[in-house]
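Asks:
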């Protein structure tokens, strides 16, 4: 078995995704039920999800974008990371969040039209959720200010009239490794206009569905993974 066993060229080039490579290690993390999903696996699966909804008004940020802000990167650096997304053209932003100290994933959804920020945390940690919200607000202010300086039209970066919501009040994750899967499900739920997820979803082997969706899209050279039967099957598992 070669190191690079699965490659895919996303169609959504304007969303800053280049060729994806799912190597042996990445696929092992997807297939192994108790394995944590790392940055590369999360980025790869998120890119495939983004590619399945090319007509969506949603833009998906990289797993590394908010991390750059938390690592005290300069605004110019974060602008360099994010401007290829053309995020100012989209009304809904999905921002994945990695908690390295907890080895945990969460995700924020920002609606510029309604001025809503929704945070999804499968463990519902109140303190970490508040930190996430504050960091996402800083991130929004920073990239909005950068975009406006470049002449792109975006609302003023003031967050005074925004509404912040934690999507779930009780934990729906009951182990120490499925947070990445829950985040991918929530990312998928946004373009599908699904509001919430339930623990029933985890009765199915979601990891295998994502992995097989990736491989089938690559092997069949599909232009869009939403056309693959196994991906359609995976989507049915995410409906309430």
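In UniProt numbering, the protein residues as written are 1 to 240.
Each residue gets a CB set at the ideal place from its N, CA and C atoms; glycine is no exception.
Decide if residue 170 is buried, meaning its Cβ has at least 16 other Cβ atoms within 10 Å, or exposed.
Replies: exposed
Asks: Could you give the residue range of the alpha helix (DSSP H) that holds residue 77?
Replies: Run containing residue 77: 75-82, per the alpha helix (DSSP H) assignment.
Asks: Here's a check: name, in chain order, each residue in its chain whose Cβ is nearer than 6 Å to the Cβ of residue 92, leaving out the five neighbours to either side.
Replies: Excluding sequence neighbours, residue 92 sits near 57, 58 and 111.
Asks: Which residues in the same chain as residue 113 place their Cβ atom closer than 7 Å to its Cβ, once the five residues preceding and following it in sequence are excluded?
Replies: Cβ contact annotation for residue 113 (same chain, cutoff 7 Å, sequence separation greater than five): 91, in chain order.
Asks: Take residue 273 as the anchor and find which of 142, 62 and 83 has the nearest alpha-carbon.
Replies: With the chain covering only 1 through 240, there is no way to say anything about residue 273.
Asks: Beta carbon of residue 128, beta carbon of residue 165: below 9 Å?
Replies: Cβ distance not < 9 Å, so residue 128 and residue 165 don't count as in contact.
Asks: Do the stretch 146-158 and the stretch 101-108 meet, that is, are 3 or more Cβ pairs less than 8 Å apart?
Replies: no
Asks: Can you give me the Cβ contacts of residue 203 inside the same chain, cut-off strictly under 7 Å, excluding the 5 residues immediately before and after it?
Replies: Unreliable positioning characterises residue 203 in this predicted model, as indicated by a pLDDT of 36, which lies under 50. The coordinate reading is nonetheless provided below. Cβ neighbours of residue 203 beyond the five flanking positions: none.
Asks: Keeping to the same chain, check which residues put their C-beta closer than 8 Å to that of residue 77; ignore five residues upstream and five downstream.
Replies: 68
Asks: Am I right that residue 36 and residue 180 are in contact with their C-beta atoms under 8 Å? What's the rounded C-beta distance?
Replies: 7 Å
Asks: Report back the beta-carbon spacing between residue 139 and residue 60 to the nearest angstrom; my notes put them in contact at under 8 Å.
Replies: Not confirmed; about 14 Å, so no contact.
Asks: Please list the terminal residues of the continuous beta strand (DSSP E) segment that includes residue 164.
Replies: 163-166
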